[in-house]
Amino acid sequence: QKEVEQNSGPLSVPEGAIASLNCTYSDRGSQSFFWYRQYSGKSPELIMFIYSNGDKEDGRFTAQLNKASQYVSLLIRDSQPSDSATYLCAVTGRRALTFGSGTRLQVQP
Amino acid sequence: GAVVSQHPSWVICKSGTSVKIECRSLDFQATTMFWYRQFPKQSLMLMATSNEGSKATYEQGVEKDKFLINHASLTLSTLTVTSAHPEDSSFYICSALPGGSSYNSPLHFGNGTRLTVT
Numbered sequence: 016q017k018e019v020e021q022n023s024g025p026l027s028v029p030e031g032a033i034a035s036l037n038c039t040y041s042d043r044g045s046q047s048f049f050w051y052r053q054y055s056g057k058s059p060e061l062i063m064f065i066y067s068n069g070d071k072e073d074g075r076f077t078a079q080l081n082k083a084s085q086y087v088s089l090l091i092r093d094s095q096p097s098d099s100a101t102y103l104c105a106v107t108g109r110r111a112l113t114f115g116s117g118t119r120l121q122v123q124p
Numbered sequence: 012g013a014v015v016s017q018h019p020s021w022v023i024c025k026s027g028t029s030v031k032i033e034c035r036s037l038d039f040q041a042t043t044m045f046w047y048r049q050f051p052k053q054s055l056m057l058m059a060t061s062n063e064g065s066k067a068t069y070e071q072g073v074e075k076d077k078f079l080i081n082h083a084s085l086t087l088s089t090l091t092v093t094s095a096h097p098e099d100s101s102f103y104i105c106s107a108l109p110g111g112s113s114y115n116s117p118l119h120f121g122n123g124t125r126l127t128v129t
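Line by line, the protein sequences give chains U and C.
Following my numbering, the numbering of the first sequence begins with 16 at its first residue and continues without gaps.
Following my numbering, the numbering of the second sequence begins with 12 at its first residue and continues without gaps.
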């Protein structure tokens with residue numbers, strides 16, 4: 016079982032729609048949860064982080080965490096073509112930052 | 012804040028040669044730096060954790076004699092790929108943790124180094 020699992024996609028949404036990206040993790044001791052965006056050939060860029068159960072909103076982005084289900088998600092409202100990228104879920108806890116394989120998002124104009 | 016600079020951005024070298032990659036924290040002191048590697052269409056895999064003034068901790072499967080890490084100061088860590096081979100061609104990315112921060116703190120990454128071994 017992978018430590019951090021994501022659907023590889025691609026997830027295709029029309030411009031202006033809500034994109035929903037999901038991630039599950041295996042280590043119940045995980046304490047911090049991150050979403051990074053990575054454009055092709057570039058380094059990951061931090062978008063959101065969340066530590067506690069519930070929702071955390073920042074602009075068009077909302078991170079949701081459910082520790083009981085070992086599940087974390089990222090919602091992107093009013094998706095734009097510039098949001099097209101690979102979104103990486105990452106967790107820390109007993110180990111340094113561990114990444115999922117990423118979900119490729121395509122926002123269609 | 013928390014700017015991490017990596018150099019070079021890309022490098023092409025011949026098989027059997029060594030390549031050094033630098034990672035610098037520009038506006039903070041980093042007691043811990045992390046080195047990741049990313050193959051095409053795959054995720055970032057942690058190679059090693061580097062602590063200033065001590066030996067790096069390597070992840071399982073990463074050869075410490077091939078990937079030499081030096082973290083001699085609070086703002087600089089280097090990764091040297093020794094006797095590089097084509098299978099070492101990858102995207103190498105570093106990140107740095109400010110002093111006093113825990114592993115649970117957000118990490119910011121350098122721009123990465125694209126290594127191509129011919």
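Backbone N, C-alpha and C define an ideal beta-carbon position, used for all residues, glycine too.
Computed from a prediction, not measured in an experiment: that's the story for all the values here.
Put simply, the backbone Cα of serine 47(U) is about 18 Å away from that of methionine 44(C). Proline 96(U) sits in a helix when the DSSP states are folded into three classes. Of all alpha-carbon atoms in Ser45(U), Pro96(U), Tyr40(U), Phe114(U), the one lying nearest the alpha-carbon of glutamine 53(C) is that of Phe114(U).
The beta carbon of leucine 108(C) is closer than 8 Å to those of Ala41, Thr42, Thr43, Met44, Phe45, Tyr114, Ser116, Leu118 in its chain, skipping five residues each way along the sequence.
Within chain C, the residues Tyr114, Asn115 have their CB atoms less than 7 Å from the CB of threonine 107(U), given in chain order.
Annotation: glutamate 18(U) to valine 30(C) spans about 31 Å, alpha carbon to alpha carbon. Leaving aside the five residues that flank phenylalanine 78(C) on each side, the residues in its chain whose CB is nearer than 8 Å to its CB run, in chain order, Trp46, Met58, Ala59, Tyr69, Leu90, Thr91, Val92, Thr93.
Of the residues Gln123(U), Val122(U), Ser116(U), Gln121(U), the one whose Cα lies closest to the Cα of asparagine 22(U) is Ser116(U).
Inter-segment contact for the segment 16 to 25 of chain C and the segment 61 to 78 of chain U is absent: fewer than three beta-carbon pairs are separated by less than 8 Å.
Alanine 32(U) and aspartate 98(U) do not touch by the CB rule: their CB atoms are close to 11 Å apart, not below 8 Å.
Judged by DSSP in its simplified three-state form, glutamate 33(C) adopts strand.
Scanning its chain for C-beta atoms nearer than 6 Å, with the 5 sequence neighbours on each side dropped, one finds around phenylalanine 102(C) the residues Gln49, Gly123, Arg125, in chain order. When secondary structure is reduced to three states using DSSP, aspartate 76(C) falls in the coil class, being assigned neither helix nor strand. Per DSSP, reduced to three states, the secondary structure at glutamate 20(U) is strand.
Contact annotation: threonine 101(U) and threonine 118(U) have beta-carbon atoms nearer than 8 Å. Any Cβ of chain C closer than 8 Å to the Cβ of phenylalanine 64(U) would place that residue at the interface, and such an atom is present. Using a Cβ-Cβ cut-off of 9 Å, phenylalanine 49(U) is close to Pro117, Leu118 of chain C, given in chain order. C-alpha of serine 88(U) to C-alpha of arginine 52(U): approximately 13 Å in a straight line. Rounded to whole angstroms, valine 28(U) and methionine 63(U) show a C-alpha spacing of 21 Å.
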